[in-house]
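Numbering (our numbering), first residue to last: 1 to 210.
Yeah, the Cβ is synthetic: ideal placement off N, Cα and C, and Gly gets one too.
Everything numeric in this text was worked out from a predicted model, so none of it was measured.
Right, one structure below, let's go through it.
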Ligand SMILES: N[C@@H](CCC(=O)N[C@@H](CS)C(=O)NCC(=O)O)C(=O)O
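In structure tokens, the structure reads:
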């Protein structure tokens, strides 16, 4: 199995953090990680388009020759394929809540942050778009306040004391904000404290570049 990925990009980082967190718990996940240089445009080269016609990362190449193209599908596959030391809870409601939290963080926080970075200082060279940036500056605080409230009960990680997939998704977005020099969480002390705590974790130290 091969994971095609690039450092600092949010969706690949989400999967890389997820694997590192699982390995830190003792899981054995035999995935070879292969870098694709997006700055050089390798994700648009024929070799990568043959894996994923949309040219995005991450991609997981399975041993039967098929490919998974979506970061969350990759994580769900690895949860099922290597079930020891999973990140998702076993109990049905707790599992649903963990998945729901991850999706909400992705849709309400991570996607707007990625759009904001590309609209202000795109690492891929997209032209600035002040209208999009302004809209996100207006709407993102609703989601950041939601996270701040969630953290106000003193929980260590987003779901409680244990790391969850939502933590991986949130940190991958916040790293991308740092990469793009976007200070989006300065006004949220509990979120900033979560950020510091998460970044001190061994998994984070082994993966994060910014
Ligand atoms: N929904 C996909 C999104 C993948 C995605 O957009 N990846 C970005 C990096 S975070 C990418 O490859 N961008 C390059 C491009 O779109 O040209 C997933 O979650 O895996």
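Scanning the stretch 22-90 for uninterrupted alpha helix (DSSP H) segments of 4 residues or longer gives 46-51, 71-81, listed from N- to C-terminal end. About 20 Å separates the beta carbons of residue 89 and residue 71, which is beyond the 8 Å limit, so they are not a contact pair.
Boundaries of the alpha helix (DSSP H) around residue 199: 189-199. Collapsing the DSSP output to three states places residue 126 in coil. The three-state reading of DSSP puts residue 186 in coil, since its state is none of H, G, I, E or B. For residue 27 against residue 85, the beta-carbon gap comes to about 4 Å, under 8 Å, which counts as contact. Taking 8 Å as the cut-off, one finds no heavy atom of ligand 1 near enough to the beta carbon of residue 108.
By DSSP's assignment, residue 157 forms a beta bridge with 160.
Taking the CA atoms as reference points, residue 14 sits about 19 Å from residue 185.
A straight line joining the alpha-carbon of residue 94 with that of residue 83 spans about 17 Å. Fewer than three beta-carbon pairs drawn from the stretch 59-78 and the stretch 142-159 are found closer than 8 Å, and the two stretches are therefore not classed as touching. Residues 132, 136 of the same chain have their beta carbon placed closer than 7 Å to that of residue 115, with the five preceding and five following residues left out of the count. Only buried fits residue 38, as 16 or more other CB atoms lie within 10 angstroms of its CB. Here the alpha carbon of residue 162 sits roughly 19 Å from the alpha carbon of residue 174. Between residue 208 and residue 78, the C-beta gap is not smaller than 9 Å, which leaves the two residues out of contact.
Just so you know, the alpha carbons of residue 76 and residue 2 end up roughly 16 Å apart. Annotation: the continuous alpha helix (DSSP H) that includes residue 178 extends over 165-179. Between the C-alpha atoms of residue 55 and residue 168 there is a straight-line separation of about 23 Å.
In the structure shown, residue 150 falls within a helical segment according to DSSP collapsed to helix, strand and coil.
Placement of the Cβ of residue 90 at a distance of 8 Å or more from every heavy atom of ligand 1 is found.
Distance from the CA of residue 62 to the CA of residue 130, rounded to the nearest whole angstrom, comes to 41 Å. Residue 112 holds the alpha-carbon nearest to the alpha-carbon of residue 134 among 73, 64, 112, 42.
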